[in-house]
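> Those protein sequence lines, which keep their order, are chains Z and A. Using numbering that gives the first Met the number 0, the first residue of the first sequence is number 0, and each one after it goes up by one. Using numbering that gives the first Met the number 0, the first residue of the second sequence is number 0, and each one after it goes up by one. Every residue, glycine too, gets a C-beta built ideally from N, C-alpha and C. Just so we're clear, the structure is a prediction, and the values are computed from it rather than from any experiment.
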Amino acid sequence: MHEAPLLGGPYAHEKVSISRTMLWVMLALLPATAFGLFQFGWPAIFLFLVTVISAVVAESLSLWIMKKPQKLFLLDGSALLTGWLLAMTLPPWAPWWIGVVGALLAIVIGKQVFGGIGQNLFNPAMVARVALLISFPLEMTLFSSPQPLFSVGAPDLLESLEITFGSAGQIDAVTSATPLGHVKTELSRGLTVDEALGGTDTLWQLGLGTATGSLGEISAVLLLAGGLLLIYLRIITWHIPIAMLGTLALLAGMFHLIDPASYSSPLFHLLSGAAILGAFFIATDLVTSPVSIRGQLLFGAGCGALVYIIRTFAGYPEGVAFAILLMNACTPLIDHYLKPRVYGRDRSGEPLNYADEDGEA
Amino acid sequence: MRLFRIRGGVHPDDQKTLSAGQAIENLPMPPLLHIPLQQHIGAPAEPLVKRGQLVRKGQLLARSQGMISAPVHAPTSGRVMGIGGYPAHHASGLLVRTITLKPDGYDEWDDDCEGVPDPFTLAPEEIARRVAQAGIVGMGGATFPSAVKLNLRKRYALHTLVINGAECEPYLTCDDRLMRERAEDVRDGVLLMARALGVEKILFAIENNKPQAQQCMRNAARSCPELRVVGLPTRYPMGSEKHLVQTLVGKETPARGLTADIGVVVHNVATAAAVHDALRHGRPLISRVVTVTGGAIRQPRNLHVPIGTPLDHLAKYCGGFHDEPAKLISGGPMMGQPLPSLRVPVIKGSNGLLALSKDEVRSQVEMPCIRCASCVNACPCGLVPLNMAAHIRAGSLESSVDLGLLDCIACGSCAYVCPSHIPLVQYFNYAKGELAARQRAQHKQGETKRLIEARTERMEAIKKAKREAMAKRKKEMAAKKAAEAAKAEAAEA
Chain Z
0 MHEAPLLGGP
10 YAHEKVSISR
20 TMLWVMLALL
30 PATAFGLFQF
40 GWPAIFLFLV
50 TVISAVVAES
60 LSLWIMKKPQ
70 KLFLLDGSAL
80 LTGWLLAMTL
90 PPWAPWWIGV
100 VGALLAIVIG
110 KQVFGGIGQN
120 LFNPAMVARV
130 ALLISFPLEM
140 TLFSSPQPLF
150 SVGAPDLLES
160 LEITFGSAGQ
170 IDAVTSATPL
180 GHVKTELSRG
190 LTVDEALGGT
200 DTLWQLGLGT
210 ATGSLGEISA
220 VLLLAGGLLL
230 IYLRIITWHI
240 PIAMLGTLAL
250 LAGMFHLIDP
260 ASYSSPLFHL
270 LSGAAILGAF
280 FIATDLVTSP
290 VSIRGQLLFG
300 AGCGALVYII
310 RTFAGYPEGV
320 AFAILLMNAC
330 TPLIDHYLKP
340 RVYGRDRSGE
350 PLNYADEDGE
360 A
Chain A
0 MRLFRIRGGV
10 HPDDQKTLSA
20 GQAIENLPMP
30 PLLHIPLQQH
40 IGAPAEPLVK
50 RGQLVRKGQL
60 LARSQGMISA
70 PVHAPTSGRV
80 MGIGGYPAHH
90 ASGLLVRTIT
100 LKPDGYDEWD
110 DDCEGVPDPF
120 TLAPEEIARR
130 VAQAGIVGMG
140 GATFPSAVKL
150 NLRKRYALHT
160 LVINGAECEP
170 YLTCDDRLMR
180 ERAEDVRDGV
190 LLMARALGVE
200 KILFAIENNK
210 PQAQQCMRNA
220 ARSCPELRVV
230 GLPTRYPMGS
240 EKHLVQTLVG
250 KETPARGLTA
260 DIGVVVHNVA
270 TAAAVHDALR
280 HGRPLISRVV
290 TVTGGAIRQP
300 RNLHVPIGTP
310 LDHLAKYCGG
320 FHDEPAKLIS
330 GGPMMGQPLP
340 SLRVPVIKGS
350 NGLLALSKDE
360 VRSQVEMPCI
370 RCASCVNACP
380 CGLVPLNMAA
390 HIRAGSLESS
400 VDLGLLDCIA
410 CGSCAYVCPS
420 HIPLVQYFNY
430 AKGELAARQR
440 AQHKQGETKR
450 LIEARTERME
460 AIKKAKREAM
470 AKRKKEMAAK
480 KAAEAAKAEA
490 AEA
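(1) If you measure between the beta carbons of A/Ala127 and A/Ala146, is that distance less than 9 Å?
(2) Helix, strand or coil for Z/Ala78 per DSSP?
(3) Which ranges does the alpha helix (DSSP H) cover as unbroken runs of at least 4 residues, wholly within the stretch 222 to 287 of chain Z, from first to last along the chain?
(4) When the cut-off is 9 Å and only beta carbons count, does Z/Ile241 lie next to chain A?
(5) Once DSSP output is grouped into helix, strand and coil, what is the label at A/Tyr105?
(6) State the Cα-Cα distance for the pair A/Leu149 and A/Leu93, rounded to the nearest angstrom.
(7) Express the C-alpha separation of A/Thr99 and Z/Pro350 in angstroms, rounding to a whole number.
(8) When burial is assigned at 16 or more other CB atoms within 10 Å of the CB, is A/Ile205 buried or exposed?
(9) Determine the burial state of A/His390: buried for a count of at least 16 other Cβ atoms within 10 Å of its Cβ, exposed for fewer.
(10) Which residue marks the beginning of the beta strand (DSSP E) containing A/Ser286, and which one marks its end?
(11) By Cβ distance below 6 Å, which residues in the same chain neighbour A/Ser63 in space, the five residues on each side in sequence not counted?
(12) Taking all protein chains shown into account, decide if A/Ser240 is buried (16 or more other Cβ within 10 angstroms of its Cβ) or exposed.
(13) On a CA-only basis, which of Z/Ile52, Z/Val49, Z/Leu285 and Z/Arg19 is nearest Z/Asn119? Give me that one, please.
(14) Does the count of Cβ pairs from the stretch 285 to 304 of chain A and the stretch 17 to 36 of chain A closer than 8 Å reach three?
(15) Below 8 Å, can you find three or more Cβ-Cβ pairs linking the stretch 380 to 394 of chain A to the stretch 319 to 332 of chain A?
(16) Anything in the stretch 242 to 276 of chain A with a Cβ closer than 9 Å to a Cβ of chain Z? List those residues in chain order, please.
(17) Can at least three beta-carbon pairs, one atom from the stretch 36 to 44 of chain Z and one from the stretch 131 to 148 of chain Z, be found at a separation below 8 Å?
(18) Can you give me the start and stop residues for the alpha helix (DSSP H) that A/Pro86 sits inside?
(19) Run through chain Z and tell me which residues come within less than 8 Å of A/Tyr415, C-beta to C-beta.
(20) Give the single residue among A/Pro118, A/Ala73 and A/Ala182 whose Cα lies nearest to the Cα of A/Ala195.
(21) Which residue comes first and which comes last in the alpha helix (DSSP H) that contains A/Arg457?
(22) Could you list which residues in chain Z have their beta carbon closer than 7 Å to that of A/Asn428, in chain order?
(23) Have a look at Z/Ile257 and Z/Leu297 and give me their C-alpha separation to the nearest angstrom.
(24) Name, going along the chain, the residues of the stretch 358 to 376 of chain A whose beta-carbon falls closer than 9 Å to a beta-carbon of chain Z.
(25) Evaluate A/Ile461 with the Cβ neighbour count: other Cβ atoms within 10 Å of its Cβ, from every protein chain shown; 16 or more gives buried, anything less gives exposed.
(26) Would you check whether the ligand FAD has a heavy atom nearer than 8 Å to the C-beta of Z/Trp237?
(27) Drop a sphere of 10 angstroms on the beta-carbon of A/Ala485, count the other beta-carbons inside from all chains shown, and report buried for 16 or more, exposed for fewer.
(28) Quick one: does A/Pro339 have its CB under 9 Å from some CB of chain Z?
(29) A/Asn301 lies in the alpha helix (DSSP H); which residues open and close that run?
(30) Is Z/Tyr315 close to chain A, meaning its C-beta is less than 9 Å from at least one C-beta of that chain?
(31) Pairs of beta-carbons, one from the stretch 153 to 165 of chain A and one from the stretch 363 to 378 of chain A, closer than 8 Å: are there three or more?
(32) Tell me, please, whether the stretch 408 to 423 of chain A touches the stretch 438 to 453 of chain A by the rule of three or more beta-carbon pairs shorter than 8 Å.
(33) Using the Cα positions of A/Arg50 and A/Ile67, report the straight-line distance between them to the nearest angstrom.
(34) In angstroms, rounded to a whole number, what distance separates the CA positions of A/Pro30 and A/His275?
(35) With a threshold of 16 other CB atoms inside 10 Å of the CB of A/Gln52, please say whether the residue is buried or exposed.
(36) Within 10 angstroms of the Cβ of A/Ala131, are there 16 or more other Cβ atoms? Answer buried if so, exposed if not.
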């Protein structure tokens, strides 16, 4: 924008900026991302790079069209982070154009048409993910099981190039279903949850990140560590993640108690899919979540409830993206109705009146 | 003592070590003093002296006008050089009515300046009257006439006097030094104010970043069981009157109300010292302690300065500047006002002259709001600054009032934490000013309309009267004619 001729105070400022905030979020994402890239090998690395670079290029083009300063807005890091988050939710061996289309959807449709940073109503990465899922259901649901870099049977560099950039697609990839998808399919075939999962090993796999899943969603432990770092740094507050995961666990726990055969356990729900990533990194997106504490609690609880409802009763095995987008739509309403109480006024906005109190006492 | 938590707040780097170790020094008398007639909230004082007149130290120069006003006294003996416009101690630098005094170098006290040997025998009203006479105003920066606050006893049921020694603004150390060096005098002033207010309980609140001041005041207060020194957590804006009271008493002051509504009156440390001087020694408020500090000042100091001393005199005494200061501020960096130049004089409310270096003023490019809610969490008043600013930016000032604009205390916590460097306080001050101007314009419009209507009515009445007079004359003429005709007929016949 412009150099502000700051006439009024304050003349002191905390050492904060948008780019610093974005940088910390990316640092918090780094362990889980690095782990995901390692687990899924070269194809995942290519897809990640393609998505992130496309996001930055899309941002740059949008800025050029809107005649906004390039350096200022590219360096705020928001486009990079959006691309990064989107890549983390993609199937790791998806073809390159999924990353490119996704990045364009996120930056152009999800963010810049609303007016750029701070103006968008919906989380750009989730807009792109949902649009991709609906438009390209095949590519977006073809998951490969982890084949760590340099491990036996993992694709080498050339094979990886063929997987990501080849025309034949992932024909030879070892595909398998995500735990959430697997349970959903098996339940519909009349099996119980225990039979579908085959023991409790799955929970360990989910926690550590050796189960099948999206590129950056597999390691619940590393994501949790990153999320806790953000809370420690006060970049996010605990309200949204705890409300979201708490509600999800509560609902899952209730149904699981009633009928353990048809409903998965709370821990399975917390550790699988995008629950942890969504709760700490996506639902807490500053732009699209409510600003008041009470609003954030409601927003988080809504996300958690919707995730459970979609996972359990709807057609899709995973519902984090849908849940967050639906709650994003409610954010303006929540902000309108749930404001902090103003000093010296009661909740309805009237000045405090101690006379009543004294009368009662 | 149990303290209550206030909402929000920030922890700025307090930078007090720059000047906290410097004992208060008397500033040498400058060649000229410029004493503005408006140094307080309320009506300006009315001058009583003429050009060329010789005055003595402490002599009344201008008397207070109206209920809320304060008189102005001569800071030293000398000759009145003139009464006219001089740049105000204000961001605008507009000219205000100012008495210019040339000190004669003798610094002779006026004979009328005589204290009371035992002011505790005085009636509360008499204490308040003497405080008013001495021209004492709130010296924390608000400059509200202190005597008006001392008379609140008549209208409110008061139980506690709170002395504000928080000094939560970064950099400033004048109250800190005053408490350390004049603890006995401050205590005396506090007790006198408590007598005027008729309260039993006195809470002397000092932030925990001033342990020496706390210790000095505790020592001084040892003999007074009703006076209690309370350590406050260091958090800005702890010194905001309403938030200070909430921390101590646990009650919020009702919106649009006074702390007196919940039985508490707050006075500043420096005000207490001024009350002591006025009652014990009969000295009006003609000088004050000012902190001269900031990264651009060569030797940060705490100075005892005659009111009316031009600021450049202070800066010169402190060794001048390392390099060109990036920003000159009256007061602290959070709520202080930018200064147009160093020509302006020290007034009763000036607690600091801050010369910030380039490194201290981090002028950042303003970015769009990312709704991070940092401002919401920092606001001590429970407002949503980002929404207020958005409404003001869109030109809808009335709706920003519905969002609580008038509950904003302009403490600057929101702008301090904003990662997008949005000058939020600037928006709020603009909106407050614009709304006040509109209100004045509306009032003026109403008055104009009333006058026009009155004039139209008057003109109508005049016209009507003229018409009636004309009709009457016509009738008379007709009657006369008829009479003449009748006469002529009679004559003919």
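In this structure, then:
(1) Walking along the second sequence from the start, residue 127 of chain A turns up at place 128. Walking along the second sequence from the start, residue 146 of chain A turns up at place 147. Their beta carbons are under 9 Å apart, which means A/Ala127 touches A/Ala146 by this criterion.
(2) On the first sequence, position 79 is the one that residue 78 of chain Z refers to. Helix.
(3) 238 to 257 and 265 to 270
(4) Your numbering for residue 241 of chain Z matches position 242 in the first sequence. With 9 Å as the cut-off, Z/Ile241 does not count as an interface residue toward chain A.
(5) Counted from its first residue, the second sequence places residue 105 of chain A at position 106. The answer is coil: DSSP assigns A/Tyr105 none of H, G, I, E or B.
(6) Start at 1 with the first residue of the second sequence, and residue 149 of chain A comes out as number 150. Start at 1 with the first residue of the second sequence, and residue 93 of chain A comes out as number 94. Between A/Leu149 and A/Leu93, the C-alpha separation is close to 32 Å.
(7) Here residue 350 of chain Z is taken as the residue at index 351 of the first sequence, counted from 1. Here residue 99 of chain A is taken as the residue at index 100 of the second sequence, counted from 1. Their Cα atoms are separated by approximately 46 Å.
(8) In the second sequence, counting from the first residue as 1, residue 205 of chain A sits at position 206. Buried.
(9) Taking the second sequence and counting its residues from 1, one reaches residue 390 of chain A at position 391. It counts as buried.
(10) The residue you call residue 286 of chain A lines up with position 287 of the second sequence. Its beta strand (DSSP E) spans residues Ser286 to Thr292.
(11) Position 64 of the second sequence holds residue 63 of chain A. The residues are Ala44, Ala69 and Pro70.
(12) What you label residue 240 of chain A is simply residue 241 of the second sequence in a count that begins at 1. Reading off the sequence, residue 240 of chain A comes out as Glu, not Ser. Buried is the call here.
(13) To locate residue 119 of chain Z, count along the first sequence from 1; it is residue 120. That would be Z/Leu285, whose Cα lies nearest to the Cα of Z/Asn119.
(14) yes
(15) no
(16) His242, Gln245, Lys250, Glu251, Thr252, Pro253, Ala254, Arg255, Gly256, Asp260 and Ile261
(17) yes
(18) Residue mapping note: residue 86 of chain A aligns to position 87 of the second sequence, counting from 1. It is not in any alpha helix (DSSP H) - A/Pro86 instead sits in the beta strand (DSSP E) that spans Gly77 to Pro86.
(19) As a first step, residue 415 of chain A is located in the second sequence; it is residue number 416 there, counting from the start. Those within 8 Å of A/Tyr415 in chain Z are Pro9, Ala11, His12 and Glu13.
(20) Here residue 195 of chain A is taken as the residue at index 196 of the second sequence, counted from 1. With distances taken between CA atoms, A/Ala195 lies nearest to A/Pro118 out of A/Pro118, A/Ala73 and A/Ala182.
(21) To locate residue 457 of chain A, count along the second sequence from 1; it is residue 458. First-last of the alpha helix (DSSP H) with A/Arg457: Leu423 to Glu491.
(22) In the second sequence, the residue the question calls residue 428 of chain A occupies position 429. Residues of chain Z passing the Cβ test: Gly7.
(23) In the first sequence, the residue the question calls residue 257 of chain Z occupies position 258. In the first sequence, the residue the question calls residue 297 of chain Z occupies position 298. Going from the Cα of Z/Ile257 to the Cα of Z/Leu297 covers about 26 Å.
(24) Answer in chain order: Glu359, Val360, Arg361, Ser362, Gln363, Val364, Glu365, Met366, Pro367, Cys368, Ile369, Arg370, Cys371, Ala372, Ser373, Cys374, Val375 and Asn376.
(25) Counted from its first residue, the second sequence places residue 461 of chain A at position 462. Exposed.
(26) The ligand FAD is absent from the structure shown, which contains no ligands of any kind.
(27) Locating residue 485 of chain A in the second sequence gives position 486, counting from the first residue. With fewer than 16 Cβ atoms within 10 Å of its Cβ, A/Ala485 is classed as exposed.
(28) The count along the second sequence starts at 1 and reaches residue 339 of chain A at position 340. Interface residue (Cβ-Cβ distance to chain Z less than 9 Å): A/Pro339 is not classified as such.
(29) Your numbering for residue 301 of chain A matches position 302 in the second sequence. Run containing A/Asn301: none in the alpha helix (DSSP H); it sits in the beta strand (DSSP E), Arg300 to Pro305.
(30) Stepping through the first sequence from its first residue, residue 315 of chain Z is reached at position 316. Under the Cβ criterion of 9 Å, Z/Tyr315 is not counted among the residues facing chain A.
(31) No, the stretch 153 to 165 of chain A does not touch the stretch 363 to 378 of chain A.
(32) no
(33) Locating residue 50 of chain A in the second sequence gives position 51, counting from the first residue. Locating residue 67 of chain A in the second sequence gives position 68, counting from the first residue. Rounded to whole angstroms, A/Arg50 to A/Ile67 spans 27 Å at the Cα level.
(34) The residue labelled residue 30 of chain A in the question sits at position 31 within the second sequence. The residue labelled residue 275 of chain A in the question sits at position 276 within the second sequence. One C-alpha to the other measures close to 29 Å.
(35) By one-based count along the second sequence, residue 52 of chain A stands at place 53. A/Gln52 is exposed by the Cβ-count criterion.
(36) Taking the first residue of the second sequence as 1, we reach residue 131 of chain A at position 132. Under this definition A/Ala131 is a buried residue.
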